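What follows is a set of notes on a single structure, which appears directly below.
Numbering (the numbering used here), first residue to last: -7 to 351.
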């Protein structure tokens, strides 16, 4: 692949990942305006966040498998197209149901963008470029959780609709770029679709998200004894071995059980889950800043700007250092800094300087 084409392709993939991840964090500043316009409760507002997360979790393995069957270009266009459709529903929403459907479709489409982008990098770039590109891809995903509230603070004065309207031209650019930069691929020989695996995984994730959302952190024991929460969590745990058994027998499983025999894969998955949980808390950083320091909503969003700058600098540097100092050393240093940030947020007396340093 010519150097210019390679750079254009990487920029296209990075923009897609940024767009998909942004809408997980950007929803925070929009919630008060949505609540006021539609008159919905705080519990109903949480559905806007949970619908996105749940459908993203379901969409990730399904659209990744879809990419294996029809080729990455088609799958990428479908993923971005679904995200754009969900954004359009949100912009045009006249009732809460349209909001929920819009967020669900957005999340499902976003679920395919990151794994398909990673697969495209792995299959099209030369080995020496893959490490930096994959490192930047992951950093862009994490960066979105910091940029989201900042961008939300900038667009919110024009109305909450703009937080989703901005996705439409970006989605159009991504689809046009995919047709121009990604070659058409011949689909693989189609194997039987893992319908049982798809259904079981979807039910498992739905039960898990419902159960976790029902937990009250101020009264864990009481909420665990609530029968809807307990039933959902028990169902999720019960379905884990069922799903594993289905996948071991499937001709073309959604998730290959053999992957978990690799120690590096398991460690990477656990680290990714932990980092994802920490990054998702970024949605609430502006609220923490307002409550702890008394700053305005717009100022609270800007307090995250140092995090944007830090991640922007660290992304290309760490990607290049992977080939010289090794992945393990980069991961250790990065995790140490993440732990230090979490400890500052958790235990240091929150002030504007501490907030900026932790960010």
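By construction, the Cβ of each residue, glycine as well, lies at the ideal position given by its N, Cα and C atoms. As the structure is a computational prediction, the values presented were derived from the model and not from experiment.
Option nearest residue i by Cα separation, candidates the options
i	options	result
residue 318	124, 340, 157 and 64	124
residue 373	253, 263, 340 and 109	No answer is possible for residue 373: it lies beyond the span of the chain, which begins at -7 and ends at 351.
residue 334	282, 310 and 267	267
residue 303	157, 189, 185 and 139	139
residue 331	141, 269 and 208	269
residue 57	313, 114 and 248	248
residue 322	106, -2 and 131	131
residue 235	186, 222 and 253	186
residue 153	239, 345, 348 and 84	84
residue 155	298, 75 and 15	15
residue 31	11, 87 and 219	87
residue 218	203, 345, 246 and 228	203
residue 105	210, 121, 256 and 7	7
residue 120	194, -2, 77 and 36	-2
residue 137	282, 211, 347 and 18	18
residue 194	89, 116 and 100	100
residue 98	47, 340 and 67	47
residue 228	52, 94 and 198	198
CA-to-CA distance, residue j to residue i, given in whole angstroms
i	j	result
residue 13	residue 183	31 Å
residue 112	residue 215	43 Å
residue 129	residue 5	8 Å
residue 378	residue 169	Here the chain covers residues -7 to 351 and nothing more, so residue 378 does not appear.
residue 54	residue 231	18 Å
residue 50	residue 103	7 Å
residue 146	residue 189	42 Å
residue 39	residue 316	45 Å
residue 280	residue 213	26 Å
residue 110	residue 196	25 Å
residue 173	residue 150	34 Å
residue 306	residue 325	12 Å
residue 24	residue 61	42 Å
residue 20	residue 143	11 Å
residue 338	residue 201	25 Å
residue 114	residue 64	12 Å
residue 72	residue 207	33 Å
residue 342	residue 133	26 Å
residue 314	residue 118	15 Å
residue 320	residue 81	43 Å
residue 284	residue 340	11 Å
Three-state secondary structure assigned by DSSP to residue i
i	result
residue 186	coil
residue 295	coil
residue 29	helix
residue 84	helix
residue 343	coil
residue 15	helix
residue 352	With the chain covering only -7 through 351, there is no way to say anything about residue 352.
residue 152	coil
residue 76	helix
residue 351	coil
residue 176	coil
residue 62	helix
residue 21	helix
residue 317	helix
residue 101	helix
residue 161	helix
residue 118	coil
residue 286	coil
| request: Tell me the start and end of each unbroken alpha helix (DSSP H) in the segment 188 to 270 that is at least 4 residues and wholly inside, in chain order. | output: Runs found: 212 to 216 and 219 to 241.
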